[in-house]
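Chains as they are written, first to last, in this note's numbering: chain A, -17 to 216; chain B, -17 to 216. A short write-up of the structure that comes next.
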DNA sequence: ACATGATTGAAACAGTCATTTAAAATATAA
DNA sequence: TTATATTTTAAATGACTGTTTCAATCATGT
């Protein structure tokens, strides 16, 4: 493998990362990628075999990038409070989803987020293991905050509430501006967002101590039929 | 317009709703749709002009369906507590996102959710107005729960936290099972989910009374550097 | 410098896509 | 029924897709 070969290979991966992040696997075209990389259309098939193999390579590199760059932030800090653990976790998950177009963090994060939300061909085992590991870490953080009286299913639901708040800004960062157009997009920094999500979640979790779900202020009369039919489950 | 013409038109819309909900605008093909409708490939272009016009029709009908069927649930109940308002809102937003393949609620909801999260060609003004209206309703509900001392931006962030928890289950319903595989998918009913999201959010919002963000339990020492760099913003 | 293998480039391939065409079939109106 | 308009059908069109082919080019080791 010559030197120039490695260069074009890298350029192809870089271009593919951007195109896949922007359009997804199916909508991205080899011609877009090769043109952006300044290479021939046949180069993808020569260097990687086919489109899907290139995608797997992009997925793998994005995975490695996020792991080495940010995943350390999701390790338990151990001695600190659960709130700080959560704060670090949220920011570590959130940061790759942001960053401008040129930012590597944003690109890699968007590729992974797209794959997680709508798995295109086949999710690789290492990506699945990453997700499960993160979910496990989050479980632990939540457990620290809610205490031991809460059952496992509730802990998982709380984890999903947190992940929902985070992933809301992934492929759907545009949706935030759509829901709240008057709120300038650039003004929502990662830190501000991480602060809010952490605070929102900590406030909620610190009251999830009791397993009795009806002890939380639903004493009003049920006007809406939807509310009436289901509020007994609370 | 003959009677049979109207029949095939309706069948095309019905088939298109399903295919668009499953694959999105770009990936859905006219051949899929017309075959599912038992019509010719040219029928779409004859009855609607082109693929995008058919998509607009599907969007419009899904919009009307959700509006008449569920949007009443998002009206303020007025006299009841904010928590019940939130519970009704959450379930009204959540229900269309669920339901099995044959369920009309699920189909229409998924079409709209797909469009909101990743707007395909151009979001129509009535859809935009629906979103803004819903956001406004949610703002009001949140405002009722947090009180008047909280600034508008925080109210909006709280609204997005709630929407994040809801939309987490939209195209990404699979992601829940992915994060927590041992949790049987069917076991998470709409009511259970709505109960949890409502409880989680109410617990959080009821503590968002004070505008001072640092009064909420971040007194631990900062181990993680990410936490350290940003915790001063709290 | 030369020969050999690795890499690139332009073109062509087969497949699918949305869309168009025009003839056939059907419904509607007289 | 007959004439007219509407609707359906099969086939073709042109633009895209991923992939292949093969000659030209380049790099590398002798």
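Cβ atoms here follow ideal geometry from the backbone N, Cα and C, with glycine treated the same way. Small disclaimer: the values here were computed from a predicted structure and weren't measured.
- Minimum Cα-Cα distance from residue 186 of chain B among the listed residues A:-2, A:95, A:143, A:6 corresponds to A:143.
- Taking C-alpha positions only, residue 46 of chain A is separated from residue -2 of chain B by approximately 40 angstroms.
- The Cβ atoms of residue 26 of chain B and residue 93 of chain B do not sit closer than 8 angstroms to each other.
- The criterion of a C-beta distance shorter than 8 angstroms is not satisfied by residue 190 of chain B and residue 119 of chain B.
- Taking the Cα positions, residue -7 of chain A is about 27 angstroms away from residue 76 of chain A.
- Counting only Cβ-Cβ distances below 7 angstroms, residue 179 of chain B has contacts in chain A at 143, in chain order.
- Annotation: Cβ neighbours of residue 9 of chain B in chain A (cutoff 7 angstroms, chain order): 8.
- Three or more Cβ pairs drawn from the segment 64 to 74 of chain A and the segment 173 to 181 of chain A lie within less than 8 angstroms of each other, which places the two stretches in contact.
- Closest by C-alpha distance to residue 124 of chain B, out of B:3, B:11, B:184, is B:184.
- Chain A has a Cβ within less than 8 angstroms of the Cβ of residue 146 of chain B.
- Shown here for residue -13 of chain B: not one same chain residue has a beta carbon closer than 7 angstroms to its own, the five before and five after excluded.
- DSSP, read as helix, strand or coil, puts residue 98 of chain B in helix.
- Taken residue by residue, none of the segment 21 to 36 of chain B has a beta-carbon sitting less than 7 angstroms from a beta-carbon on chain A.
- Against chain A, the beta carbon of residue 186 of chain B has neighbours under 9 angstroms at 181, 182, 183, 184, 185, 186, 187, 189, listed in chain order.
- Cβ contact annotation for residue 180 of chain B (same chain, cutoff 6 angstroms, sequence separation greater than five): 68, 69, 72, in chain order.
- Distance from the Cα of residue 126 of chain A is smallest, within the candidate group A:188, A:21, A:44, for A:188.
- Residue 147 of chain B counts as buried, since at least 16 other C-beta atoms from the protein chains shown sit within 10 angstroms of its C-beta.
- When DSSP states are grouped into helix, strand and coil, residue -16 of chain A belongs to the coil group.
- Distance check between residue 15 of chain A and each of A:-5, A:31, A:88 places A:-5 closest, using alpha-carbon atoms only.
- Think of a sphere of 8 angstroms around the beta carbon of residue 112 of chain A: no beta carbon from chain B falls inside it, the nearest being about 11 angstroms out.
- Listed along chain A is no residue with a C-beta nearer than 9 angstroms to that of residue 41 of chain B; the closest approach is about 15 angstroms.
- Listed in chain order, the non-local C-beta contacts of residue 13 of chain A below 7 angstroms within the same chain comprise 23, local neighbours out to five positions each way being set aside.
- Collapsing the DSSP output to three states places residue 188 of chain B in coil.
- Interface annotation, residue 150 of chain A: in contact with chain B, CB-CB separation under 8 angstroms.
- CA-to-CA, the gap between residue 29 of chain A and residue 17 of chain A works out to about 15 angstroms.
- Under the 8 angstroms criterion on CB atoms, residue 139 of chain B is classed as interfacial with respect to chain A.
- By the beta-carbon neighbour count (other beta carbons within 10 angstroms, threshold 16), residue -15 of chain B is exposed.
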